[in-house]
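Chains as they are written, first to last, in the numbering used here: chain A, 1200 to 1535; chain B, 75 to 584. Virtual Cβ for every residue (Gly too), placed ideally from N, Cα, C. Below is one structure; the comments refer to it alone.
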């Protein structure tokens, strides 16, 4: 269900939301069905650039996420084509779980703003977030992770970020030093920041952690002298740096990073070697990693690496993440 | 003490299975095919099964390892729910599956299993940890346990645990005997009696709801609660299990185990610490506090029923006595209901109504907690029969199929005048956590392999719940019922409504 463009004033938006709910309930009652169920566990703000592909990926992922993380979604679209004054559209995203009669609905508010209007976005968002529930900002604007950002758009975005319980970014495809510097700034201000490049490591990290749950493997840990991390990108992506940092936090050896041909983008291989044994994980397909421990081999599912799955994982960790924070700090040592 | 694994990340990694081997007795049976293997495969898919794992299946049917793997693959593909089947993950996983054909009464069968376990240990380094899973007919439990003891398969360098599927005996005496025989071979801490209801996410959520929130627990007692109704209804009949069901009946099959455990979860005292011992102690304490009926009270507080033929949705469905494998004169209860009281300070005087049946109007399991009406009825509710005192608050914990919690309370109807009507505030488990919930067997298998018995039933809990139902069984056994006494597709026999009416209550319609 969609509505006409409204002036993006909190009272107008909230009034329109109330109208949407009433009309949904009336519609259902008219059809003799059970009334709709409003589900909301957080405010999820998506700050995105107005590029068709980018916009589509964000919208599709948001729709999928609503099922697992029902939210009041606020999509902030930065667009040179936006009109004079901020405008908003209000929707309800509804679905019927398979075999169920009752519709479940979430709210979505879309606000388009020209870069010069971003200073006005913060106060609007402040008036429409759901009280008493977490606020997550999924920041998909690449410019947000660049240090040049001191213009009005950035200042406006900052005011939105300051509302967040957690900010989620994706440093893939962005110059790593700049992106990490920006994230460090945010973290120094006490904000909780997640990076999907770290989330992409979960299947790799989980597999390595499992290997070392075996007593013999754990006792061999102190003998590991060689750690190699291979990636397929032109320059080392943040995921490779994070992997190196995470491993160095657990092993007394320095990780060597290298570029290799293979499945990508991102991480392709992790090897750990001691005098007695070797542990190697290698990506063998889009959804598969091969694990070799000595001469034993196992195929491991990489399920969990779609944009939806990455976001889903990040949204389940809304508080501080000590393991990521430790790896993030360590990256600085590796880079220097 | 060994160093801790520095790579663990409990915030993001699910618990995983430690190095071990599982021996499944009855590996060609329905439970293995429909539940156990799909659950194990799903754990492998989620990267929770290590390389150091093996599963040895046993049944009488001669099969090679390869044939067994093929058969299990077909079962997993057919029965896995809400999960993709990944060929490459299966290829790795199936290498951990082995098979031994043999008769459970034959000692050679156990020697062959020992040999296969040694082979699996050699190939997979399972740490000599072994879990035995009894998925056979209950009549084999004692034989298998005894043979495991005779072949010293209950001891080793690593741990040995045993999972026993319900029914844990068919009455108090047989349950007690089974426990004694089991303890001759396995100490209680290595015995895991599985009640898959306790592994359901929504049953576990009852504990989170009660003990994680401060606002409900103060109301959770006789001062505010008027009565509690626990319903486990199935719309289907016995579906080819007539012969088994005829021996069990609804009281044994559902109430003695699942529903009394659910009742204990709803009513137990808060444990001081959330660990296996404390949680199970509180459950056991509650089960012991349920008042045991005297024989003369049984007709007043318990009702048996059996469905007869009827037309449902234009289709003729058979009565229980017309089902395949069922005695045409069967006296088996396909419906059982009881009024139970808990003799402790918190619940004294509050009736707990429990009912379970087959061929009821819908499949639903829920717990409805009805609160007392306000002391002064200030408002009237408009009904078809004219104005009535409004219905009191109702809190419903839905276990299946639409897992969730709803609270019914009164609200003013829009418009002039002070008319009130009940409205429902719903929490839907599916819509708040739309992600896939692990199946009860996934949860319970990881629990037993990691040595967490919180959701498993202890000897004293089993015997306490048998003590509660035994007088009912004894009276019913010596009684000739005029069955069938309810039509398929209805909410059970009239006597069940009368049982509640005697306490001034009515069954709610779930």
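With distances taken Cα to Cα, identify the nearest neighbour of residue 550 of chain B among B:421, B:536, B:444 and B:323.
B:323
Could you tell me if residue 478 of chain B is buried or exposed, where buried requires 16 or more neighbouring beta carbons within 10 angstroms of its beta carbon?
buried
From the beta carbon of residue 1529 of chain A, is the nearest beta carbon of chain B less than 8 Å away?
no
Please confirm if residue 1405 of chain A has its CB atom under 8 Å from at least one CB of chain B.
yes
The beta strand (DSSP E) with residue 156 of chain B in it runs from where to where?
Taken as a continuous stretch (DSSP letters only), residue 156 of chain B belongs to no beta strand (DSSP E), as it is neither H nor E.
Just confirm the distance between the C-beta atoms of residue 121 of chain B and residue 1500 of chain A, as a whole number of angstroms; I'd bet it's less than 8 Å.
6 Å
According to DSSP, is residue 1533 of chain A helix, strand or coil?
helix
Does the CB of residue 165 of chain B have a neighbour CB from chain A at under 8 Å?
yes
Exposed or buried, residue 1279 of chain A, counting other C-beta atoms within 10 Å across all chains shown (16 or more means buried)?
exposed
Checking 8 Å against the spacing of the C-beta atoms, do residue 1246 of chain A and residue 1270 of chain A come in under that value?
No. Outside cutoff.
Beta-carbon within less than 6 Å of residue 312 of chain B's beta-carbon, same chain only, minus the 5 sequence neighbours each way: which residues are those?
Around residue 312 of chain B: 319 and 397.
In the DSSP output, which residue or residues are listed as bridge partners for residue 1241 of chain A?
A:1270
With a Cβ-Cβ cutoff of 8 Å, do residue 151 of chain B and residue 142 of chain B count as a contact?
Not closer than 8 Å, so no.
Quick one: is residue 1527 of chain A buried, meaning 16 or more other Cβ sit within 10 Å of its Cβ, or exposed?
Classification for residue 1527 of chain A: buried.
Between which two residues does the alpha helix (DSSP H) containing residue 123 of chain B stretch?
Segment: none, residue 123 of chain B is in no alpha helix (DSSP H) and carries neither H nor E.
Hey, is residue 1208 of chain A's beta-carbon within less than 8 Å of any beta-carbon in chain B?
No - not a single Cβ of chain B is within 8 Å of the one on residue 1208 of chain A.
Confirm, please, whether the CB-CB distance from residue 428 of chain B to residue 411 of chain B is below 8 Å.
With contacts defined as CB atoms closer than 8 Å, residue 411 of chain B and residue 428 of chain B qualify as a contacting pair.
I'd like to know if residue 1333 of chain A contacts chain B, where contact means its C-beta is closer than 8 Å to some C-beta of that chain.
no
Could you check whether the stretch 564-572 of chain B touches the stretch 400-411 of chain B, counting it as contact only if at least three pairs of C-beta atoms, one from each stretch, sit closer than 8 Å?
Look at the beta carbons and you see the stretch 564-572 of chain B touching the stretch 400-411 of chain B: at least three pairs across the two are nearer than 8 Å.
Compare the C-alpha of residue 563 of chain B against each of B:305, B:437 and B:333 and name the closest.
B:437
If we call anything under 8 Å between Cβ atoms a contact, is residue 1378 of chain A one with residue 1370 of chain A?
Yes, the pair counts as a contact, with Cβ atoms nearer than the cut-off.
Which value, in whole angstroms, describes the spacing of the CA atoms of residue 556 of chain B and residue 376 of chain B?
15 Å
Out of A:1217, A:1255, A:1394 and A:1330, point me to the one whose CA is closest to residue 1520 of chain A's CA.
A:1394
Beta carbons nearer than 8 Å to chain A: which residues of the stretch 79-100 of chain B have them?
Within the stretch 79-100 of chain B, the residues whose Cβ lies closer than 8 Å to some Cβ of chain A are 79, 80, 81, 82, 83, 85, 86, 87, 90, 92 and 93, listed in chain order.
Considering residue 390 of chain B, what are the terminal residues of the beta strand (DSSP E) in which it resides?
Counting along the chain, the beta strand (DSSP E) containing residue 390 of chain B begins and ends at 389-391.
Give a yes or no on whether 8 Å exceeds the smallest Cβ distance from residue 500 of chain B to chain A.
True, the Cβ-Cβ gap to chain A drops below 8 Å.
Examine chain B for any beta-carbon lying closer than 8 Å to the beta-carbon of residue 1449 of chain A, and answer yes or no.
It does: the Cβ of residue 1449 of chain A has a partner Cβ on chain B nearer than 8 Å.
In chain A, which residues lie with their C-beta within 9 Å of the C-beta of residue 160 of chain B?
1486, 1487, 1498, 1500 and 1502
Is there at least one Cβ from chain B nearer than 8 Å to residue 1524 of chain A's Cβ?
no
Looking at chain A, is there any beta carbon in it that lies within less than 8 Å of the beta carbon of residue 527 of chain B?
no
Whose Cβ in chain B lies nearer than 9 Å to the Cβ of residue 1471 of chain A?
Those within 9 Å of residue 1471 of chain A in chain B number zero; the least Cβ separation is about 11 Å.
Check whether the stretch 329-346 of chain B and the stretch 511-520 of chain B touch, using three or more Cβ-Cβ pairs below 8 Å as the test.
no
Within 10 angstroms of the Cβ of residue 1303 of chain A, are there 16 or more other Cβ atoms? Answer buried if so, exposed if not.
buried
Quick check on the DSSP output: the beta strand (DSSP E) that includes residue 298 of chain B runs from which residue to which?
First-last for residue 298 of chain B: undefined, no H or E at that position.
Where in the stretch 289-337 of chain B do unbroken runs of the alpha helix (DSSP H), each at least 4 residues long, occur, reported from the N-terminal end onward?
Correct list: 316-322.
Any heavy atom of the ligand FAD closer than 7 Å to the Cβ of residue 1529 of chain A?
This structure simply doesn't include the ligand FAD, nor any ligand for that matter.
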